[in-house]
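Residue numbers (full-length UniProt numbering): 1 to 467.
Just so it is clear, CB atoms sit at the ideal spot from N, CA and C, and this is done for glycine as well.
Structure record follows, encoded as structure tokens.
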Amino acid sequence: MVSPHTSCDSREDFSYCIEGWIRDQQKQTEPEFDTKSRCALARHEMSDQPLTPQLSERPSSPSKRQRTSEAGSGSQWVERLSSVGLDSALPTFTEPTSSGTSASRAPSPTKSVRNRRIQLDYTSPAIYFGPPKISHDSEEESSDNDSGSGGAERAAPTLPQVQRLSLDNITPASHTDDQQGIPPAISALVRRLSEETADPALPSDIILQVSRISPTESFRKPLPDTRPSSKSLRRHLRHISRLFEMARELYAGSYDESAWYPLIRDILIHPPHATSATPFVKHEEAHTRQVCTELLPQQKDGRVPTVKVDHLLQFNPSHKQISPLYRAVFRSQPPSFSLSAFNDPVAAKTFTCAVIEVKPPGGNFQEASYQIAIASAAVLERIRTLGGDADGPPVVGWIVHGHFWTLHVSYREGDGSIRVLGPYPSGNTATYLGLYRLLRIIEEVKTWGRDVYFPYLSSMLAQFVGL
């Protein structure tokens, strides 16, 4: 054997070292190596089959090659060769292992939220996303299919039939496809709050000013009259310009969720120059308020985890049309009596008109939709516990995902389940047109709350004061 401090610079010394190492291996193993000729040795070294053992056979501890390399000696090649010849079998090469494997990798947040959304199909009450599935086949289409397909098609179920058998019929609420469609009042509200309905009709001088600031904007034709814009329209344009600049800076700076709150607040308290100091519907920040646990949907192992939303539109208890009723109700009820779905003493004193969840541009939209669904279901459950009807008004909610606002409308179906319609485009803060639409839709929600939603709630509360 070669001493650890002997160099192998020449070809003869190198061959001597290799042949000595092979002779040591012959004493330890049964197979015989042909070392009589250098050709045999060369064939052995240049074989297409690697000598490296399989990954499952490699030792888990560091090899002596690795320990020798870490020692940092001056003659690394000689020390490696000597250590292999003295103590080990065939050389092993340890490959670097990746820091994260499929077994140890953390689950995707998106998949986790998706699983939670799917589980809402099996809660009590069940919560469904999107419009109900309605069969569009008429009797004529059915007869045409029967005459054209023959007995073979009738014998084998189609894919939609298999899906109905395997998915829909196993839900606890027995949610089937023979249900009714969206109630007319809900459909009318969604149409009322659509982007197309909220398109602004502006005079030509306002459109010209917007085109100078944002030349990519496109509006419908201006009003037919040639009169200049009024003072209120010009003030409204200045307000929208300020919101536009705020949103552009927030997006360009990649700010987090909380940085968007002042912008959301200024949008929700619109109009900024209202004549009344006590509006009928007011804005409340709610990012610290949790949904009441007793209002959450039930699972097999308990209730679903509670959630929070960031902003609320509440009926103002200080308004002259609301405060007399509220005072009479709370005088006749215990201190724990609550009108809200949120666990907060201030929120408990009034009803919620709309819920808003905010996410930054890189936030998880599915998570926001889950939060809106749970919060809306809790609001509907609070109204039910106070004596509300199953066909009562819906709950309106928005998801603010960076620039873009999407509307969600939740209502209770005949079987007790909750249906969450949406997302519907509801304007944005990326364009002047989007801001005009958004502010008008928000005002429509406030008007609907004052004229439709609160009268229903008032009649429901009349039972508590004997009216």
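For residue i, which option in the options has the closest C-alpha, if you only look at C-alpha atoms?
i	options	result
residue 463	360, 387, 189 and 439	387
residue 451	327, 321 and 262	321
residue 289	325, 375, 239 and 217	375
residue 373	243, 260 and 395	395
residue 291	260, 251 and 339	339
residue 214	383, 435, 342 and 423	435
residue 384	363, 398, 416 and 402	416
residue 221	235, 237, 233 and 200	200
residue 401	250, 409, 133 and 115	250
residue 414	132, 261, 310 and 457	132
residue 207	185, 189 and 233	233
residue 188	308, 304, 230 and 393	393
residue 418	122, 284, 342 and 365	122
residue 309	379, 277 and 224	379
residue 252	398, 362, 185 and 461	362
residue 304	181, 113, 120 and 279	120
residue 219	441, 461 and 432	432
residue 367	194, 399, 198 and 317	399
residue 465	287, 423, 397 and 327	327
residue 284	349, 441, 311 and 316	311
residue 341	286, 316, 319 and 195	286
residue 403	391, 301 and 365	365
residue 391	333, 423, 185 and 293	185
residue 313	266, 332, 337 and 293	266
residue 279	423, 293, 318 and 332	318
Three-state secondary structure (DSSP) at residue i?
i	result
residue 425	strand
residue 113	helix
residue 339	coil
residue 181	coil
residue 124	strand
residue 351	coil
residue 314	strand
residue 444	helix
residue 346	coil
residue 356	strand
residue 129	strand
residue 220	coil
residue 361	coil
residue 199	coil
residue 320	coil
residue 186	helix
residue 194	coil
residue 468	There is simply no residue 468 to check, as the chain begins at 1 and stops at 467 in what is shown.
residue 134	coil
residue 204	helix
residue 333	coil
residue 229	coil
residue 214	coil
For residue i and residue j, what's the separation of their Cα atoms in angstroms?
i	j	result
residue 411	residue 270	26 Å
residue 90	residue 23	Residue placement at residue 90 is poorly supported in this model, since its pLDDT is 45, which falls under 50; the coordinates still yield a value, given next. Rounded to the nearest angstrom, the two C-alpha atoms are 13 Å apart.
residue 257	residue 358	7 Å
residue 405	residue 381	25 Å
residue 281	residue 330	20 Å
residue 240	residue 191	24 Å
residue 454	residue 212	42 Å
residue 259	residue 323	34 Å
residue 427	residue 335	41 Å
residue 236	residue 209	13 Å
residue 217	residue 459	46 Å
residue 425	residue 203	25 Å
residue 457	residue 438	26 Å
residue 261	residue 246	11 Å
residue 254	residue 248	10 Å
residue 263	residue 116	30 Å
residue 421	residue 408	6 Å
residue 429	residue 243	7 Å
residue 134	residue 183	13 Å
residue 461	residue 196	36 Å
residue 360	residue 193	24 Å
residue 371	residue 118	13 Å
residue 316	residue 307	24 Å
residue 231	residue 332	48 Å
residue 369	residue 205	40 Å
residue 442	residue 397	11 Å
Verify the contact flag: residue i, CB atom, against every heavy atom of the ligand NAP, threshold strictly below 8 Å.
i	result
residue 281	Annotation note on the ligand NAP: not contained in the displayed structure, which lists no ligands.
Can you find at least 3 beta carbon pairs, one from the region 445–452 and one from the region 350–364, that sit closer than 8 Å?
-> yes
At least three beta-carbon pairs within less than 8 Å, the region 114–129 to the region 284–298 | Yes, they touch.
Can you check the region 363–433 for any beta strand (DSSP E) of at least 3 residues that lies completely inside it and give the ranges in chain order?
-> Listed in chain order, the complete beta strand (DSSP E) runs (minimum 3 residues) inside the region 363–433 are 395–401, 404–412 and 418–428.
Whole alpha helix (DSSP H) runs in the region 243–310 with 4 or more residues, listed along the chain?
-> 261–268
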